[in-house]
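Numbering-wise, the sequence shown is residues 1 to 201 according to the working numbering. Glycine is no exception: its CB is placed at the ideal position from the N, C-alpha and C atoms. Since the model is a prediction, treat every value here as computed from it, not as a measurement.
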Amino acid sequence: MAEPFSLPRLPYAESALAPTISAQTIGFHYGKHHKTYVDTLNELVAGTEFADQSLEDIIKATAGNADKAQIFNNAGQVWNHNFYWHCLAPKGGGKPTGALEDKLSTNFGGFDKFKKEFAEAAVAQFGSGWAWLVSDNGTLKVVKTSNAESPLIKGQTPLLTIDVWEHAYYLDYQNKRPDYVKAVIEKLLNWNFVAENLGKR
Ligand code: FE
1 MAEPFSLPRL
11 PYAESALAPT
21 ISAQTIGFHY
31 GKHHKTYVDT
41 LNELVAGTEF
51 ADQSLEDIIK
61 ATAGNADKAQ
71 IFNNAGQVWN
81 HNFYWHCLAP
91 KGGGKPTGAL
101 EDKLSTNFGG
111 FDKFKKEFAE
121 AAVAQFGSGW
131 AWLVSDNGTL
141 KVVKTSNAES
151 PLIKGQTPLL
161 TIDVWEHAYY
171 LDYQNKRPDY
181 VKAVIEKLLN
191 WNFVAENLGK
201 R
């Protein structure tokens, strides 16, 4: 029987984000870490009620349940990474336009203020985790989550994320997370994807 979850194709070549994120980092991050979350989740859900559920349903059903922590962690990490790769683009960065720009101005007081808040959240997240731009009942907010936690649990719609687990940057930036965060924001963020997510909300 086919396994319920598979590793989605990267939307670009492994070398396409260099030098901001090296092909070596993507090779390990996508090819090893992300793939392992998918493989482990498939093993964990085999023969259970979760085998034919969506990732979102599994995340919501297992959140906060200590007995299901392994399933939650692997499902969360699969979802988060599936989403993260699309938040980056080889010729990304710059500024959003249109409705997204207006919304960021309304909710944060301008694009530069949003960028500052997002970068601060990414740098301040203690230990492994994620910084996010979410829509919370129509209001855009910056939030951070630990480990495999997801804004989906709180009913928020993710629009953008940055992975701040050390595996996302250590080969390229070592301990300098702020340098990784700044470079990703300036050079790689895929504002077209963020705008699509805002439109679907
Ligand atoms: Fe990661």
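The beta-carbon distance between L189 and G93, rounded to whole angstroms, is 6 Å. This is short enough to meet the 8 Å contact definition. For the 8 Å CB-CB criterion, P4 and V45 form a contact.
In the DSSP assignment, P178 falls outside any beta strand (DSSP E) and within the unbroken alpha helix (DSSP H) covering R177 to K187. When beta bridges are read from the DSSP output, W132 appears opposite V143 and T161.
Here the alpha carbons of V134 and L100 stand approximately 12 Å from one another.
A Cβ closer than 6 Å to some heavy atom of ligand 1 marks a residue here, and those residues are H29, H33, H81, D163, W165, H167 and A168. The secondary-structure analysis by DSSP pairs L198 with nothing; it has no beta-bridge partner.
Taking each of D163, V142 and L159 in turn and checking the Cα distance to S128, the smallest one comes out for D163. Beta-bridge analysis with DSSP links L88 to L189. Taking 8 Å as the cut-off, the Cβ atoms of I26 and E43 do not count as close.
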